Amino acid sequence: MSRTIVDLTMLLEEGMQTFPTLWHPFVEITQLGRHGIEDRETRKLVIGTHTGTHIDAPRHFIDGGETIDNITLDPMVGPASVLDMRSFGADAEVQPEDLEKALAGRSAERVLLQYGWDSTLGTMGYYDRSPYLSEAAAQWLVDQGCRLLGMDTAMPDNPKNGRGSDNDSPNHTILLGNNVLLVEYMVNLTSLPTEGEVFLVVAPMKIREGDGAPVRAFAILED
């Protein structure tokens with residue numbers, strides 16, 4: 475039996491797109507050790523806990539919520555259902571019945587939303603025009619026993635419901651408040667089959683009191 479490993483992770487590099495707020499820093503990579511001088515190569519990285527492909531721990535939106543260093547890896551590793559959501563384009567809202575139809579009786583323990591929205595990376599539309607879940611859809615996932623939700627968008631929320639709005643990020647609150655881990659900024663989800671399940675691995679940095687962490691995420695497909 476052969477296998478294919480599909481990398482679902484953005485490349486971390488200087489100049490990469492980051493969420494346009496003061497609390498999400500730009501990436502800085504500085505070379506320190508040099509061959510021919512220190513005779514080894516090392517670098518200093520300045521990144522945020524929500525830079526690139528990353529996981530949100532409950533602490534991100536829930537005061538006193540669990541942090542990434544105290545969360546078991548179990549929900550981050552195992553079979554995942556990939557939902558074909560490519561018909562939901564800019565500004566589209568996903569309802570519970572849409573999720574139920576796409577899930578088609580499969581497990582909701584680990585769900586990946588395949589919008590194909592990573593094709594808009596590098597544009598502001600990636601942030602402010604992305605498809606999103608209705609609050610009812612977020613609650614539906616909780617009710618189905620979802621433990622991890624991944625997506626190739628920057629957020630599960632309506633982009634208009636951000637900081638300063640009358641309804642700040644309700645889906646983050648619903649999902650993280652029920653200990654559903656969120657994996658955002660995923661790429662290459664359109665390379666995954668939307669029937670059956672894939673074996674998902676999401677490996678976060680173990681940061682003390684981490685409200686989130688950059689991850690290396692990949693799927694293993696058995697031929």
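All residue numbers for the sequence shown refer to my numbering, where the first residue is 475 and numbers rise by one. The beta carbon of each residue, even a glycine, is placed where N, CA and C say it ideally should be. These numbers were taken from a predicted model, which means no experiment stands behind them.
Legend entry - Local Cβ density within 10 Å of residue 520, reported as buried at 16 or more and exposed below that: Here residue 520 is taken as the residue at index 46 of the sequence shown, counted from 1. Per the 10 Å Cβ criterion, exposed.
Legend entry - beta-carbon residue 605 near the ligand FAD non-hydrogen atom, thresh 7 Å: The ligand FAD is absent from the structure shown, which contains no ligands of any kind.
Legend entry - Closest Cα partner of residue 530 within the set 486, 696, 697 and 676: Taking the sequence shown and counting its residues from 1, the one referred to as residue 530 is at position 56. Relative to the Cα of residue 530, the nearest Cα in the group 486, 696, 697 and 676 belongs to 676.
Legend entry - Proximity to residue 522 [Cα-Cα], best of 537, 547 and 488: Numbered from its first residue, the sequence shown carries residue 522 at position 48. It is 488.
Legend entry - Residue nearest to residue 629 in terms of C-alpha spacing, selected from 693, 503, 475 and 567: Here residue 629 refers to the residue found at position 155 when the sequence shown is read from its first residue. Of the candidates 693, 503, 475 and 567, 567 places its Cα closest to the Cα of residue 629.
Inset, instruction - Whole angstroms is fine: what's the gap from residue 626's alpha carbon to residue 496's? - result: Position 152 of the sequence shown, counting from 1, holds the residue named residue 626. Position 22 of the sequence shown, counting from 1, holds the residue named residue 496. Rounded to whole angstroms, residue 626 and residue 496 show a C-alpha spacing of 23 Å.
Inset, instruction - For residue 609, I'd like the list of residues in its chain whose CB is within less than 8 Å of its CB, leaving aside the five on either flank, ordered along the chain. - result: Reading the sequence shown from its first residue, position 135 is the one you call residue 609. If we look at residue 609 and ignore the five residues flanking it on each side, its Cβ neighbours are 644, 645 and 648.
Inset, instruction - Evaluate residue 604 with the Cβ neighbour count: other Cβ atoms within 10 Å of its Cβ, from every protein chain shown; 16 or more gives buried, anything less gives exposed. - result: Reading the sequence shown from its first residue, position 130 is the one you call residue 604. Classification for residue 604: buried.
Inset, instruction - Determine contact between the segment 571–578 and the segment 525–545, defined as no fewer than three beta-carbon pairs at a distance below 8 Å. - result: With fewer than three CB-CB distances shorter than 8 Å, the segment 571–578 does not count as touching the segment 525–545.
Inset, instruction - Report yes or no: do the segment 649–659 and the segment 507–516 share at least 3 C-beta pairs separated by less than 8 Å? - result: Taking a cut-off of 8 Å for Cβ pairs, the segment 649–659 and the segment 507–516 do not touch, as fewer than three such pairs fall below it.
Legend entry - Segment limits, beta strand (DSSP E) that includes residue 528: By one-based count along the sequence shown, residue 528 stands at place 54. Segment 528–530, the beta strand (DSSP E) holding residue 528.
Inset, instruction - Determine the DSSP secondary structure at residue 651, reduced to helix, strand or coil. - result: Position 177 of the sequence shown, counted from the first residue, corresponds to residue 651. Residue 651 falls in the helix class under three-state DSSP.
Legend entry - Proximity of residue 622 and residue 549 at Cβ, strictly below 8 Å: Residue 622 sits at position 148 when you count from the first residue of the sequence shown. Residue 549 sits at position 75 when you count from the first residue of the sequence shown. Cβ atoms of residue 622 and residue 549: closer than 8 Å.
Inset, instruction - Can you tell me which of the three DSSP states residue 588 falls into? - result: Walking along the sequence shown from the start, residue 588 turns up at place 114. Residue 588: strand per DSSP, three-state reduction.
Legend entry - Burial state of residue 475 (16 or more Cβ within 10 Å): Along the sequence shown, read from residue 1 onward, the residue named residue 475 stands at position 1. Residue burial annotation: residue 475 is exposed, with fewer than 16 other C-beta atoms found within 10 angstroms of its C-beta.
Legend entry - Bounding residues of the alpha helix (DSSP H) (the contiguous stretch that carries residue 617): Indexing the sequence shown from 1 puts residue 617 at position 143. Note, residue 617: alpha helix (DSSP H), 609–617.
Legend entry - residue 563 vs residue 659 beta-carbon contact at 8 Å: Walking along the sequence shown from the start, residue 563 turns up at place 89. Walking along the sequence shown from the start, residue 659 turns up at place 185. Going by C-beta atoms, residue 563 is not nearer than 8 Å to residue 659.
Legend entry - Residues near residue 504 in its chain [Cβ-Cβ closer than 7 Å; skip 5 each side]: Here residue 504 refers to the residue found at position 30 when the sequence shown is read from its first residue. Result list for residue 504: 517 and 518, in chain order.
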